[in-house]
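Residues -22 to -1, 1 to 456 in mature numbering (1 follows the signal peptide of the UniProt record, and there is no 0) are what the sequence shown spells out, letter by letter.
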Amino acid sequence: MKPLALSLIVVVSAILPMQAQEAPKKIVPEHRFEYRFDENLKQTDDSIARQEKWFRDAKFGAFIHFGVYSTLEGEYQGRGSEHRYSEWIQISGKMTAAEYHQVAAKFNPSEFDADEWAKVFKDSGIRYVVITSKHHDGFALFKSMVSDYNIVDYTPFKRDIIKELSEACHRNGLKFGVYYSQAQDWDEPDAPFIAPRFDGRYKLIHPDLPDDFQPDMDRYISKKGLPQVEELVKNYELDLIWFDTPRDMNRERVKLYSDMVRKHRRDCLINSRIIHSGKGKIEAQYLPYYDYVSIGDKEVPTKKLPLYVESPDSVSSSFGYKTKGDCYYHSEKEMIERFVGTVCAGGNYLLNNGPMGNGQLDPEAIRLYGVIGDWLKVNGESIYETRRNPLQSRPQWGDISASKDGKTLYLHILQWPESGSITVDGLPIQVASVVYLAGGEQADFVQDGDVLNLRLPAKPLNEYDTVVKVMLTDKLGE
């Protein structure tokens, strides 16, 4: 993943001297939502149709960062542990291609069990799975005729993880997708790095390159990137392909990848990082080439957006499995609040885990997924097949989702008020009844015009998010 921090919406006002008699001016940082999303943006009819087949209803996905780097756990010969993301160890650990190849040649996740993974995900309420088929290190987790630098041909494991997991997910009723690093490939000198400041590392990774070597990205795309994407969409039943870090991607290069996916798998969803970075400005000219927007790593939207989005989060501070150096796991409450916030703003929550190098899922990730799954068993109807908050504002006590038919609101009480009550403003439709999803008991409420007031129990019914189901007498539109 591209190293991006969790972003919150911040508006900084610059106040001119009073004598100027001018209104305050807003300074909007270029990476903030206000800059990235023009309100008149609209996804194509084809993209909306693809989304509505399953994606908009699914809401909850599992992201998996797994590869050679998983065995190193964030450090190589005492180097690299200061980097937040362990999947970047080849760069942070200053490893040459030859050194990394030696690690790859020993990669043997012998305890990998695709059906066990799929069962954990399904039991946790997850509806789709996305795994790194090729990350920035250039190593593929599938059998590739394009390059033998893959798990079948290069390692003692000799098995196609993408094939096995794809089949296991579909057997368990889960949609399946792959992550593919279409621009960055550290094993290919012709591929660009994420940012110009890293360009000098060509020589570090490939010390035998001639001094006058000039990278040719189009040569990399034609030799490896595009042919491997064709292998993936032809040989595997993909519901989604997740591109990333689009350094030096332009319309022609984007079109090559997008057209290749559409040629072989018309209903396969494509994410926005085929051309836009997670915090890049969304340009209308590229909307025909992808289907939804992947916002920044570990970023939660705090306002309603004109396009459908997905938040790529992680159970820990790293995406790959990491035990060396600084690393921490997020709390159960953090995970559920970020999940709910993403859904209520109009998006899906893609929660990453980094399996261990032996092929087993990280036990702490399993536990955190399980906590979310237990919450969903009670409150799932407030998440699956819902739509974003239809009211004008987000309440201070939490957030709101709505049923697809607009006749039900789900109030997510994330911060239990000391006053013992909450208020919903701007509700023009008459309320028919109000119940708690946990237990199904009726809630005390009073509606005065477009203001709904609920009297709450002394304590939350759920320690993370108490959900109140508000049934209306008519449909509430956005």
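By construction, the Cβ of each residue, glycine as well, lies at the ideal position given by its N, Cα and C atoms. Note that the coordinates shown come from a computational prediction; the quantities given were computed from them, not determined experimentally.
Beta-carbon proximity list for residue 348, same chain, < 7 Å, skipping 5 on both sides | Working through the sequence shown from its first residue, we reach residue 348 at position 370. Within its own chain, the residues whose Cβ lies closer than 7 Å to the Cβ of residue 348, once the five positions on either side in sequence are excluded, are 102, listed in chain order.
Between which two residues does the beta strand (DSSP E) carrying residue 430 extend?
-> As a first step, residue 430 must be located in the sequence shown, where it is residue number 452. Residue 430 -> beta strand (DSSP E) spans 429 to 433.
Please go through the same chain and pick out, in chain order, the residues whose beta-carbon is closer than 8 Å to the beta-carbon of residue 353, but skip the five residues on each side of it.
-> Counting from one through the sequence shown, the residue named residue 353 turns up at place 375. 314, 440, 442 and 443.
Give, in chain order, every unbroken run of the beta strand (DSSP E) that is at least 3 residues long and sits entirely within the segment 391 to 454.
-> Under the rule that a run must span 3 or more residues, the beta strand (DSSP E) segments found entirely inside the segment 391 to 454 read 399 to 402, 409 to 414, 422 to 426, 429 to 433 and 444 to 450.
Report, in whole angstroms, the separation of the C-beta atoms of residue 220 and residue 155, which I expect to be a contact under 8 Å.
-> Here residue 220 refers to the residue found at position 242 of the sequence shown. Here residue 155 refers to the residue found at position 177 of the sequence shown. Right, the Cβ-Cβ distance comes to about 6 Å (below 8 Å), so this counts as a contact.
Would you say the segment 321 to 335 touches the segment 288 to 304, given that touching needs at least three Cβ pairs under 8 Å?
-> A contact exists between the segment 321 to 335 and the segment 288 to 304.
Own chain residues within Cβ distance below 8 Å of residue 100, not counting five before or after = Reading the sequence shown from its first residue, position 122 is the one you call residue 100. Hits under 8 Å: 150, 151 and 152.
For the candidate residues 436, 416 and 405, whose alpha-carbon lies nearest to that of residue 424?
-> Counting from one through the sequence shown, the residue named residue 424 turns up at place 446. Ranked by Cα distance from residue 424, the options 436, 416 and 405 are led by 405.
Would you kindly check if the distance between the Cβ of residue 407 and the Cβ of residue 454 is under 8 Å?
-> Indexing the sequence shown from 1 puts residue 454 at position 476. Indexing the sequence shown from 1 puts residue 407 at position 429. Judged by beta-carbon spacing, residue 407 lies within the 8 Å limit of residue 454, meaning their Cβ atoms are closer than that value.
Identify the residues that DSSP records as bridge partners of residue 325: which are they?
-> Sequence index remark: in the sequence shown, residue 325 carries index 347 (1-based). DSSP, once it has assigned bridges, lists 287 as partnering residue 325.
Backbone secondary structure at residue 18 - three-state DSSP = As a working note, residue 18 is residue 40 in the sequence shown. Three-state DSSP puts residue 18 in coil, outside helix and strand.
Taking all protein chains shown into account, do 16 or more other C-beta atoms lie within 10 angstroms of the C-beta of residue 171, making it buried, or fewer, making it exposed?
-> Counted from its first residue, the sequence shown places residue 171 at position 193. With 16 or more Cβ atoms within 10 Å of its Cβ, residue 171 is classed as buried.
Cβ neighbours of residue 187 in the same chain (closer than 8 Å, five flanking residues each side left out) | The count along the sequence shown starts at 1 and reaches residue 187 at position 209. So the qualifying residues of the chain are 167, 180 and 181.
Rounded separation between residue 421 and residue 374 - CA only | What you label residue 421 is simply residue 443 of the sequence shown in a count that begins at 1. What you label residue 374 is simply residue 396 of the sequence shown in a count that begins at 1. Spanning the two alpha carbons is a distance of roughly 20 Å.
What is the DSSP secondary structure of residue 301, reduced to helix, strand or coil?
-> Residue mapping note: residue 301 aligns to position 323 of the sequence shown, counting from 1. When DSSP states are grouped into helix, strand and coil, residue 301 belongs to the coil group.
On the three-state DSSP scale, how would you describe residue 74?
-> Translated into positions along the sequence shown, residue 74 becomes position 96. Correct three-state label for residue 74: coil.
The beta strand (DSSP E) spanning residue 112 covers which residue range?
-> Along the sequence shown, one-based indexing puts residue 112 at 134. Per DSSP, residue 112 belongs to the beta strand (DSSP E) from 106 to 112.
First through last residue of the alpha helix (DSSP H) which encompasses residue 186 | Taking the sequence shown and counting its residues from 1, one reaches residue 186 at position 208. Unbroken run through residue 186: none, as it is neither H nor E.
Based on Cα-Cα distance, which residue from 278, 144 and 233 lies nearest to residue 217?
-> In the sequence shown, residue 217 corresponds to position 239, counting from 1. Measuring C-alpha to C-alpha distances from residue 217 to each of 278, 144 and 233 identifies 144 as the nearest.
Assuming residue 207 and residue 239 form a contact by the criterion Cβ under 8 Å, report the distance between their Cβ atoms to the nearest whole angstrom.
-> Here the question's residue 207 lines up with position 229 in the sequence shown. Here the question's residue 239 lines up with position 261 in the sequence shown. Rounded to whole angstroms, the Cβ separation of residue 207 and residue 239 is 7 Å, and the two are in contact under 8 Å.
Tell me whether residue 93 sits in a helix, a strand or coil according to DSSP, three-state version.
-> Position 115 of the sequence shown, counting from 1, holds the residue named residue 93. Helix.
Can we say the segment 129 to 146 touches the segment 72 to 91, given the rule of at least three CB pairs closer than 8 Å?
-> The segment 129 to 146, when compared against the segment 72 to 91, does touch it at the 8 Å Cβ threshold.
Counted within 10 angstroms of its Cβ, other Cβ atoms place residue 368 as buried (16 or more) or exposed | What you label residue 368 is simply residue 390 of the sequence shown in a count that begins at 1. Of the other Cβ atoms in all chains shown, 16 or more fall within 10 Å of the Cβ of residue 368; this residue is therefore buried.
Return the chain-ordered list of same chain residues with a C-beta closer than 6 Å to the C-beta of residue 81, the five sequence neighbours on each side being excluded.
-> Here residue 81 is taken as the residue at index 103 of the sequence shown, counted from 1. So the qualifying residues of the chain are 46.
Measure the C-alpha to C-alpha separation of residue 214 and residue 111 and round it to an integer number of angstroms.
-> Start at 1 with the first residue of the sequence shown, and residue 214 comes out as number 236. Start at 1 with the first residue of the sequence shown, and residue 111 comes out as number 133. Computed Cα separation, rounded: 11 Å.
Figure out for me which residue from 123, 268, 273 and 193 has the closest Cα to the Cα of residue 246.
-> To locate residue 246, count along the sequence shown from 1; it is residue 268. The closest CA to that of residue 246, considering only 123, 268, 273 and 193, is found on 268.
Inter-residue spacing [alpha-carbon to alpha-carbon] between residue 384 and residue 275 | To locate residue 384, count along the sequence shown from 1; it is residue 406. To locate residue 275, count along the sequence shown from 1; it is residue 297. Distance between the alpha carbons of residue 384 and residue 275 is about 31 Å.
How about residue 299 and residue 340: are their beta carbons less than 8 Å apart?
-> Position 321 of the sequence shown holds residue 299. Position 362 of the sequence shown holds residue 340. Yes, Cβ-Cβ distance for residue 299 and residue 340 is below 8 Å.
Delimiting residues of the alpha helix (DSSP H) encompassing residue 40 = For this step, residue 40 is matched to residue 62 along the sequence shown. Run containing residue 40: none in the alpha helix (DSSP H); it sits in the beta strand (DSSP E), 38 to 42.
How big is the Cα-Cα spacing for residue 26 and residue 119?
-> The residue given as residue 26 occupies position 48 in the sequence shown. The residue given as residue 119 occupies position 141 in the sequence shown. Answer to the nearest angstrom: the Cα atoms are 30 Å apart.
Do residue 196 and residue 116 have their CB atoms nearer than 8 Å?
-> The count along the sequence shown starts at 1 and reaches residue 196 at position 218. The count along the sequence shown starts at 1 and reaches residue 116 at position 138. In this structure, residue 116 does not lie closer than 8 Å to residue 196 by Cβ.
The alpha helix (DSSP H) with residue 219 in it runs from where to where?
-> As a first step, residue 219 must be located in the sequence shown, where it is residue number 241. For residue 219, no alpha helix (DSSP H) encloses it; the enclosing beta strand (DSSP E) starts and ends at 218 to 221.
With DSSP collapsed to three states, give me the class of residue 83.
-> The count along the sequence shown starts at 1 and reaches residue 83 at position 105. In the structure shown, the three-state DSSP call for residue 83 is coil.
Residues bridged to residue 336 [DSSP beta-bridge criterion] | The count along the sequence shown starts at 1 and reaches residue 336 at position 358. Its beta-bridge partners do not exist; DSSP assigns none.
Which residue from 277, 294, 198 and 175 puts its Cα closest to that of residue 64?
-> As a working mapping, residue 64 is identified with position 86 in the sequence shown. Residue 64 has its Cα closest to that of 294, out of 277, 294, 198 and 175.
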